[in-house]
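Undergrad:
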Amino acid sequence: MSADWADVQLWKPAELQFAVKNLQKVEDSIVELGSDLVGAKPKSWSGTAAAAALSEWSSINESLEDRLTEIAAVRRGLSEAFDAATGIVNLRDQAIAFAEGNELVIVDNMVLDTRVEGLLPRVHASVMNHAERRQLQDKCAAMVEEVVRRAGYMDQDLVNLLNTGVLAGELAQLDSPSLRAARRLGASEGESGIYAPPTGDGTPDQNAAYWNALAPGEQAEVIEKHPEWIANRDGIPYAARDQANRALLPQYLDEWKRKLRQAQEERDALAGKYFNGVEISPEGQEEYRRLNAEIEQARERVDSLGSVAEMAQRPNRMILGLDLSEKRTQSIVSVGNPDTATHVGVFTPGLTSNVVGMKNYDTQMDQLRAVSGEALFRHGDAAGIEQGVEQVATITWMNYQSPQLTLDSVGDLDGDSVLETNSAQAGGDRLARFHQGLQSARDDGVNVTALGHSYGSTTTGYALQQTTGVDRVAFYGSPGLSVDDVEDLKVRSGNVFYAEADGDGIGDLAKFGKDPSEMPGITYLSTDKATVNGEELSGVRLHSDYMLEESTIQYNLGVLVAGYPEDAITGRSNLPLGEAYRARPDLGRMVEKPFGVFGR
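In our numbering, the protein residues as written are 543 to 1142.
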């Protein structure tokens, strides 16, 4: 019979530990008794009585070995059950405290919301309140479900050990050459294995609950033996994900370097036959094309993994994600620790962005973090600028297949073409999970600002149509937010910002939703030059300029991440669409420079 929530309320892990200690003493006694038995065996004795005595001696010794194997197995099983029960009870107590702190009630295996909401003047505010309450309820429910899931696994492991191993006599059938060997064998047989995370990806809340149900030693074992389980799992603490990805990175790099060498050698051998006058069959030609594709794929992997390895060596970096399951490598890199930061900015880049070129974004996030840290110091939230910076984490989220400016990519209308929203929608789902994971991994709350540039703004727009816990969002240089009404975004009113430089024609395309410049309810961030706190800030003009250091827009994004939108310099920098094209006919031709319009 599986354990349920009511059963776990009665659990006292200390009693398991007490049993383990007592069984350890019994094992020691059996080993000591075995030594006495060996000592009691006469060195020389023959005859019928001697044979009978030897037979009895062997029977007793074998019985001791069997019992010791069983006891050692049960002791090991109970020891692992103690670790499991400790984690389960800790999560149980977290769930109870979380429920009490958020006006939730746990009944049996369910979580009920007891708060009665009053009427609100705006539909959007009511929707947001309901979504946030549901998010809290889901988080608590995931804790309760994990308590019951892990308790059931632990209970079943012990049942199997006792019923099959001991009562059915399977352990007694195992042979050992000595008592000490029997003890080692039993301890090995009593091992239950590493407790695995939920099947599939799991929700961020489920993943967080899984991790919190593990004892510290179990967490360390997962990182050491199965880093792939948690490296990309949203809801797992970021320090653990960083350790897991750093463990996997050199393995991946070695593997793809080997694949690259192998494919090159096979292709060169095939090409050598052609140059030596051997006619290549149609099948051989197809093989040559296949090997070229493999080489291209392997080079992308090696270059991307090398880029991540380089970023990993920079100060204060954490590798939060490293995904090789898609056509192009995907990764997430943070400057600062999202586990401890009070303010987190999550930047999603757009067209032509990839992991190979991610280092530039990483540098920009480092610079933005400094601006945010200075704002926190200026407002008295930190003793110094350095302490302010430590309270901020800025993340480059390159965990989707952003469109590329290649013929294959642009023409792939069913795939990642920039002319369609396929990549943005798929990326938006992943980005929403990442934001949800920021909330799931922590209980103390964190102030989150989403940042989306170019096609990345469309991706961010799709993400924020889901409940994510994001406090505010800044879009810039956007071809459309995937919505026509700002209230379709699940962000509190007054917390949606937009910037568009006067030389950036992308924002006027309105390809993926209404032009953000014409959307009521959005606060416009200035991109013009300005003076702030006696410092001259430069203006920006092109689509690729928004992260220029010491610019007005960089300052604006920095104060948003710091949680001080009131410090932002607001005002529309771009002309309305019709006036913009009359004043700047070159915008229609988009010939300023190829990547000035679309690029990084």
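Ideal Cβ positions, reconstructed from N, Cα and C, are used throughout, including at glycine.
Computed from a predicted structure; not experimentally measured.
#1: Arg1014 by DSSP, collapsed to three states: which one?
#2: Quick check: the region 604-616 against the region 726-741, are at least 3 beta-carbon pairs closer than 8 angstroms?
#3: Starting from Asn702, trace the alpha helix (DSSP H) both ways and give me its first and last residue.
#4: Hey, which unbroken runs of the beta strand (DSSP E) at 3 residues or more fall wholly within the region 1023-1059?
#5: Shortest alpha-carbon distance to Ser1086 belongs to which of Pro1062, Val988, Gly878 and Tyr997?
#6: So if DSSP puts Gly863 in a beta bridge, which residue, or which two residues, is it bridged to?
#7: Can you tell me whether Phe560 is buried or exposed? The criterion is at least 16 other CB atoms within 10 Å of its CB, across all chains shown.
#8: Taking the alpha helix (DSSP H) that Asn1098 belongs to, which residues open and close that run?
#9: DSSP three-state call for Leu918: helix, strand or coil?
#10: Compute the beta-carbon to beta-carbon distance between Met940 and Pro891, rounded to the nearest angstrom, for a pair I have assumed lies under 8 angstroms.
#11: Whole-angstrom Cβ separation of Glu988 and Leu1006, contact assumed at under 8 angstroms?
#12: Near Glu598, what residues of its chain come up, given a Cβ to Cβ distance below 7 angstroms and the 5 sequence neighbours on each side ignored?
#13: Report the rounded CA-to-CA distance for Val550 versus Glu645, giving the unit in angstroms.
#14: Three-state secondary structure (DSSP) at Glu1091?
#15: Within the same chain, show all residues whose beta-carbon is closer than 6 angstroms to that of Tyr1018, passing over the 5 residues directly before and after it, in chain order.
#16: For Leu558 and Gly694, I'd like the C-alpha separation in whole angstroms.
#17: On the criterion of 16 or more Cβ atoms from any shown chain inside 10 Å, does Trp587 qualify as buried, or is it exposed?
#18: Tell me which residue opens and which closes the alpha helix (DSSP H) that His768 is part of.
#19: Let's test the definition: count the other Cβ atoms within 10 Å of the Cβ of Ser571 and tell me whether it reaches 16, buried, or not, exposed.
#20: Take the Cβ of Leu947 as the centre, count every other Cβ of all protein chains shown within 10 Å, and call the residue buried at 16 or more, exposed below.
#21: Just verifying my parser: in three-state terms, what is the DSSP assignment at Ala561?
#22: I need the DSSP call for Ser823, collapsed to helix, strand or coil.
#23: Would you mind sorting Arg831 into buried or exposed? The rule is 16 or more other CB atoms within 10 Å of its CB.
#24: Is the beta carbon of Thr871 closer than 8 angstroms to that of Val897?
#25: Could you tell me the alpha carbon to alpha carbon distance between Ile778 and Ile736, rounded to whole angstroms?
#26: Between which two residues does the beta strand (DSSP E) holding His977 run?
#27: With a cut-off of 8 angstroms, do at least 3 Cβ pairs link the region 755-763 to the region 834-849?
#28: Once the 5 residues before and after Leu1102 are set aside, which same chain residues still bring their CB inside 7 angstroms of it?
#29: Considering only the beta carbon of each residue, do Thr741 and Ala684 sit closer than 8 angstroms?
#30: From Val631 to Val689, what does the alpha carbon distance come to, in whole angstroms?
#31: Find out if the Cβ-Cβ distance for the pair Leu487, Pro945 is shorter than 8 angstroms.
#32: Looking at C-beta atoms only, is the number of pairs between the region 862-870 and the region 781-792 that lie closer than 8 angstroms three or more?
#33: Compare the C-alpha of Leu700 against each of Asn834, Ala626 and Ala811 and name the closest.
#34: What are the residues that DSSP puts in a beta bridge with Val990?
#35: Count the other CB atoms, across all protein chains shown, that sit within 10 Å of the CB of Gln929; report buried if there are 16 or more and exposed otherwise.
TA: For this structure:
#1: The DSSP-derived three-state label of Arg1014 is strand.
#2: The region 726-741, when compared against the region 604-616, does touch it at the 8 angstroms Cβ threshold.
#3: Counting along the chain, the unbroken alpha helix (DSSP H) around Asn702 starts and ends at Val665 to Asn702.
#4: Segments of the beta strand (DSSP E) lying fully in the region 1023-1059: 1038-1041.
#5: Minimum Cα distance to Ser1086 is reached at Tyr997.
#6: Under DSSP, Gly863 takes part in a beta bridge, and its partners are Ile874.
#7: Its Cβ having fewer than 16 others within 10 Å, Phe560 is exposed.
#8: Segment Thr1094 to Val1103, the alpha helix (DSSP H) holding Asn1098.
#9: The answer is helix: DSSP assigns Leu918 an H, G or I state.
#10: Taking 8 angstroms as the upper bound for CB-CB distance, Met940 and Pro891 are in contact here, some 7 angstroms apart.
#11: A small correction: the amino acid at residue 988 is Val; Glu does not occupy that position in the sequence shown. For Val988 against Leu1006, the beta-carbon gap comes to about 16 angstroms, at or over 8 angstroms, which does not count as contact.
#12: The beta carbon of Glu598 sits closer than 7 angstroms to none of the beta carbons in its chain outside the five residues before and after it.
#13: Distance between the alpha carbons of Val550 and Glu645: 22 angstroms.
#14: Residue state, collapsed to three classes: coil.
#15: Excluding positions up to five away in sequence, the list reads His995, Ala1041 and Tyr1088.
#16: One Cα belongs to Leu558, the other to Gly694, and the distance between them is close to 16 angstroms.
#17: Flag for Trp587 reads exposed.
#18: Note, His768: premise wrong, no alpha helix (DSSP H); not H, not E.
#19: Classification for Ser571: exposed.
#20: So Leu947 counts as exposed.
#21: In the structure shown, the three-state DSSP call for Ala561 is helix.
#22: Coil at Ser823, not helix or strand.
#23: It counts as exposed.
#24: With contacts defined by Cβ atoms closer than 8 angstroms, Val897 and Thr871 form a contacting pair.
#25: One C-alpha to the other measures close to 17 angstroms.
#26: Where His977 is concerned, there is no enclosing beta strand (DSSP E), although the alpha helix (DSSP H) it sits in stretches over Asn964 to Ser982.
#27: Result no; under three Cβ-Cβ pairs closer than 8 angstroms.
#28: The beta carbon of Leu1102 lies closer than 7 angstroms to those of Thr991, Arg1014, Ala1016, Phe1039 and Ala1110 in the same chain, with the five residues before and after it left out.
#29: Against a cut-off of 8 angstroms, the Cβ pair of Ala684 and Thr741 comes out as no contact.
#30: About 8 angstroms.
#31: One cannot answer for residue 487 here, as it falls past the ends of the chain, which runs 543 to 1142.
#32: The answer is yes - the region 781-792 touches the region 862-870, with three or more Cβ pairs under 8 angstroms.
#33: Checked all of Asn834, Ala626 and Ala811; the closest Cα to Leu700 is Ala626.
#34: Bridge partners of Val990: Val886.
#35: Under this definition Gln929 is an exposed residue.
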